[in-house]
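Chains as they are written, first to last, in my numbering: chain A, 1 to 486; chain B, 1001 to 1400.
All remarks here apply to the structure that follows.
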Amino acid sequence: MDDAVTAERRERVLMISPYPPVRDGIASYALQTVRALRREGLDVEVLSPGPTAAHHHLDLRGPRGALALAKRIRDYDRVIVQFHPDFFYTDPGSARARLAESTALMVPFALARRLEVVIHEIDGRFGDPRRPDGQVARRLWHLPESIKVHTASERTSFINDFGVDPARVELIAHGADFRPHTSMDRAAARASLDIAPDAFVFLGIGFVQPSKGFDRAMEAFDGLAVAGARLDVVGSVRTDDPDMVRHAADLADLAASVDGATLHLGYVSDELFDRWIVAADVVVLPYRNIWSSGVMERAALFGRPVIATRVGGLAEQAAGQTDVRFVDDDDELRRAMIERLPLADVPATPSWAEELPEGGDLRAELQDRVRLRASSRPSLSRSTRPGAGGTTPAATVAEVGLRSAPLRRLPRVGPPDTNHGRRSVRLVKKLLRKATAFQVDPILARLNELQDATIKALEAEARATQARPAASGTEGAEPAATRSAG
Amino acid sequence: MSSIEPIDRRGRIAVVPARYGEGMVGGAEIVLAEMGRRLAARGWDVEVLTTCALDHFGWENVLPAGESVEGGLKVRRFPAVFEDDPERGWLDHAVATGQPLGLVQQQRWINAGMRSPEMYHHLLDHGEDYRALIYGPYVFWPAYAGSQLLPEKSVLWTCLHDEPAAYLDVFQPVLSGIAGLFFQTEPEHELAHRVSPKLAPHDVVGCGVEVPESYDPQGFRERYDLPERFVLYAGRREGAKGWEEMLAAFGRAVEGGLPLSLVTFGSGDVNPPPSLEGRVFDLGFLPDAERDNAFAAAEAYIQSSRFEAFSRTVMEAWLAGTPVIANGGSDVVRWHCERSGAGLVYDDEAEFVECLRLVAEAPDMARRLAKGGRDYVLESYTWDRVLDGVEKGLSTWTTP
């Protein structure tokens, strides 16, 4: 028996991260890393922000969370932090909160024997050296032995924004430790998801929130549901923030107005996540902003091609992958989707240059066309589309649009303006805004919902009114009571 | 020169803009200043009564009080008083959002903003020296307070917008009990009748616009290192002008592939989101000649404000041959667009984006659209025509 080996104490590692079964990209990422480290023979324990499969859990937010973490951190030889501001800061947007919480976080960071931090997201403005919170953040980021990021541009930004020694900021491959969560092949995955074997599937997957840009994919997909093409957006809402919940509802409305698009809203396990990727033909990542993407790594893991917007460090992350097409805007996104279709005979969206009116009242013609085109394009901001396919007569669109115009012209109700010529007054206004947001914001959201609902009702009524004479003209007179009951 | 003869130009008149001087942003104030200079050129004895402030946010007294001669006119400046009144914030908000306020609260509101007690007392002491006092716009304290002090001599360059403040009881005497009201457009005139059933004597006189002799769009782009293709917004960058909402919609148009940039000049914070980095160009304040060049260099001019009594910037765009994309919520600008045929209106973000796409994809068509704009301005809004109306009003409503 090799007593020397067994008696030798294994290196104790603490991973601080969200963790499964909580569904979260960083949790999945951490799981893969834990698996790899344990396979190396290390003694790895996990501490997560809430109850999970982790060995420990602790609410890490705020100074109290940071100080509680400090009590535990000395027990380990090495500490790995999967860092996202939401895990440690109660209100990452507040400079005052960041000042207090970064100061407290310096304690566990300083006490750790060996500290590695993997940065998943951070706002470079938090390191502004002209502000007290920025100075503290810079001191905080001097403490880890190593800081890991996924792309070269993230590395450059982090070094510049926080004044960190470049030698301590390392690049690591995002998907280095990724393993598949499903063993299904494409046919089985499709069968399990009720997808026809010959369908062409564009997939958008991840948390449903504006930054993911799933609405962009839906708008780009409009009119492409030819020859069995479909767009599936799969995910859940990460928080119960009213803006996020509202976005999901708007996205569902948008999906209903785009032929072939479906929003699958709900919990997505790691296994289901991978199954969707296996079932897809192309994974679409129309992000508005992101540092790096776990979805892109999982698509690569299963050899699925990707169409992604050129944001954050995605281009660098994809450097080693073979089938990633980057796009700069939604027009290019649409063209990239069309290129992927097996049958690319898709009716093109007419350009303004191709449908110029001649003679007559130029302004009136252009104004009518603006209304018609605006109402026939799917849009997250305007889900009262008369019907896909553009078959609604221009006169109907104009009439319907005129009915709702006074309401549509009303700007969305937003929070009170905090702008002011004097800095002190601006500051006070901003403080007041924060103090009253919990009461004001739900009212604002409801007002905007009422505006949308009224527009929808008015336009539906206008369309119904327009349809009635046509119907009665073709089908003969119908008793008024019957019509109103129908 | 005037086409109305004879005009009795005896007696001193004062134009009373709340701010006057170089570097000031404000349509009505600029018009009153120019009107004063041009009335003086027609033989009137004109002086300017104004405050020492140039900025309408902080009302800091940046210029010395007292008498001076500026631009050929005698100017009397009085300190602006703008106190940290804790009531003002909520009263402003209450008025802006149309909450019902009693008369006492309305009076507190109008007095919680900028005031100029010294100007008021100058009028109290020397009101008899003036034949007429021309105030504007209606919503500023000098117009409210001064016109109530000397109503028979007070004439208002009204600048009425369809906003909650217009319906406040405190402004009813201003609209109904003074010597006369000048309106700039028919929609403003109609609005005034809706707001006040018994209007003071009034006339629609239009608004004068300077006609530049020439434009240098290419030089302008080069001097400011601007992209070849851009749309323009000029004026106050603030919520009341629809700036933030327009900027967000422009961002979504860019996300959709719009190949245009946005150039802006004027006052207020621009605050472009990170996604618009490199696509929004803030030029701050521009000299007059460069302002004109900016309008000529733009592919389209955006008027995002719902609250316009006239919209001089729209006229400046049309003079430069540039089409206009305007918020359809403004009756006045919609009226201009329909009459001139040189602008499109939008009722929501989707229509705004479509207007921008038209400009991007069919620039020749957009230029064709703008064609009637210049003639429209030249036919309706030259200073000579406007001054004829103003002189007619002054001679009818006031006596030397």
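Think of the CB as a built atom: it goes at the ideal place given N, C-alpha and C, for glycine as much as any other residue.
* At least 3 beta-carbon pairs within less than 8 Å: the region 119–133 of chain A vs the region 256–268 of chain A -> no
* **Coil, strand or helix - residue 309 (chain A) by DSSP** => In this structure, residue 309 (chain A) counts as strand in the three-state DSSP scheme.
* Asked: Along the chain, where does the beta strand (DSSP E) that runs through residue 146 (chain A) open and close?
  -> 146–149
* With respect to the beta strand (DSSP E) encompassing residue 1365 (chain B), which residues constitute its N-terminal and C-terminal limits? -> For residue 1365 (chain B), there is no enclosing beta strand (DSSP E); the residue is found in the alpha helix (DSSP H) stretching over 1363–1380.
* Alpha-carbon to alpha-carbon, residue 1087 (chain B) and residue 99 (chain A) -> 32 Å
* Hey, how far is the Cα of residue 436 (chain A) from the Cα of residue 89 (chain A)? -> 20 Å
* Asked: Apart from the five residues just before and just after residue 1174 (chain B), which ones in its own chain have a Cβ nearer than 8 Å to its Cβ?
  -> 1138, 1143, 1144, 1147, 1148, 1156
* To do: Return the chain-ordered ranges of every alpha helix (DSSP H) run that is complete within the region 112–189 of chain A and spans a minimum of 4 residues.
  => 132–140, 152–162
* Under the three-state DSSP convention, the category residue 317 (chain A) falls into -> helix
* Inter-stretch contact at 8 Å, needing at least 3 Cβ pairs: the region 147–156 of chain A / the region 313–328 of chain A -> yes
* To do: Within 10 angstroms of the Cβ of residue 80 (chain A), are there 16 or more other Cβ atoms? Answer buried if so, exposed if not.
  => buried
* To do: Could you tell me which residues DSSP pairs with residue 209 (chain A) in its beta bridges?
  => According to DSSP, residue 209 (chain A) bridges with nothing at all.
* Asked: At which residue ranges does the region 213–264 of chain A contain complete alpha helix (DSSP H) runs of 4 or more residues, listed in the order of the chain?
  -> 214–221, 242–257
* Cβ of residue 15 (chain A) within 8 Å of any chain B Cβ -> no
* **Limits of the beta strand (DSSP E) - the one that residue 1073 (chain B) falls within** => 1073–1078
* Can you name the residues that DSSP bridges to residue 442 (chain A)? -> DSSP, once it has assigned bridges, lists no residue as partnering residue 442 (chain A).
* Residue ranges of each alpha helix (DSSP H) within the region 1065–1146 of chain B, 4 or longer -> 1086–1096, 1103–1112, 1117–1126
* May I have a chain-ordered list of the beta strand (DSSP E) segments no shorter than 3 residues that lie completely inside the region 27–54 of chain A? => 43–48
* Is it a yes or a no for the region 22–35 of chain A touching the region 58–75 of chain A, going by three-plus beta-carbon pairs under 8 Å? -> no
* How would you list, in chain order, the residues of chain B whose beta-carbon sits under 8 Å from the beta-carbon of residue 370 (chain A)? -> 1344, 1346, 1351, 1354, 1355, 1358
* Within the 8 Å Cβ cut-off, does residue 1368 (chain B) reach chain A? -> Chain A, which has a Cβ nearer than 8 Å to the Cβ of residue 1368 (chain B), makes this yes.
* Asked: With distances taken between CB atoms, is the gap from residue 146 (chain A) to residue 168 (chain A) smaller than 8 Å?
  -> Yes; because the gap between Cβ atoms is below 8 Å, this pair is in contact.
* residue 1396 (chain B) burial status per 10 Å Cβ neighbour count (16 or more: buried) -> exposed
* State the start and end residues of the unbroken beta strand (DSSP E) segment that holds residue 15 (chain A). => 12–16
* Counting only the same chain and skipping the five closest in sequence on each side, list residues whose C-beta sits under 6 Å from that of residue 1243 (chain B). => 1237
* Kindly list the residues whose CB is nearer than 8 Å to the CB of residue 1296 (chain B), restricted to its own chain and excluding five residues on each side of it in sequence; keep chain order. => 1215, 1216, 1217, 1220, 1320, 1321, 1322
* Asked: When you compare each of B:1394, B:1355, B:1312, B:1129 to residue 1027 (chain B) by their alpha carbons, which one comes out closest?
  -> B:1312
* Going by the beta-carbon positions, is the gap between residue 143 (chain A) and residue 155 (chain A) smaller than 8 Å? -> Result no, Cβ atoms of residue 143 (chain A) and residue 155 (chain A) do not sit closer than 8 Å.
* Just to confirm, are residue 380 (chain A) and residue 254 (chain A) a CB contact at a threshold of 8 Å? -> yes
* Determine, using beta carbons only, whether residue 1063 (chain B) and residue 1076 (chain B) come nearer to each other than 8 Å. => no
* Proximity winner among A:446, A:401, A:333, A:298, relative to residue 181 (chain A) (alpha-carbon distances) -> When only C-alpha atoms are compared, the closest one is A:298.
* Asked: Skipping 5 residues on each side, what residues in its chain have a beta carbon closer than 6 Å to that of residue 1009 (chain B)?
  -> 1043, 1044
* To do: Give a yes or no on whether 8 Å exceeds the smallest Cβ distance from residue 1275 (chain B) to chain A.
  => yes
* Asked: Given 8 Å as the limit, is there contact between the region 1373–1387 of chain B and the region 1268–1285 of chain B, that is, 3 or more CB pairs closer than that?
  -> no
* Any C-beta of chain A under 8 Å from that of residue 1190 (chain B) -> no
* To do: Below 8 Å on the Cβ atoms is my guess for residue 109 (chain A) versus residue 140 (chain A); work out the distance and round it to an integer in Å.
  => Right, their Cβ atoms sit about 6 Å apart.
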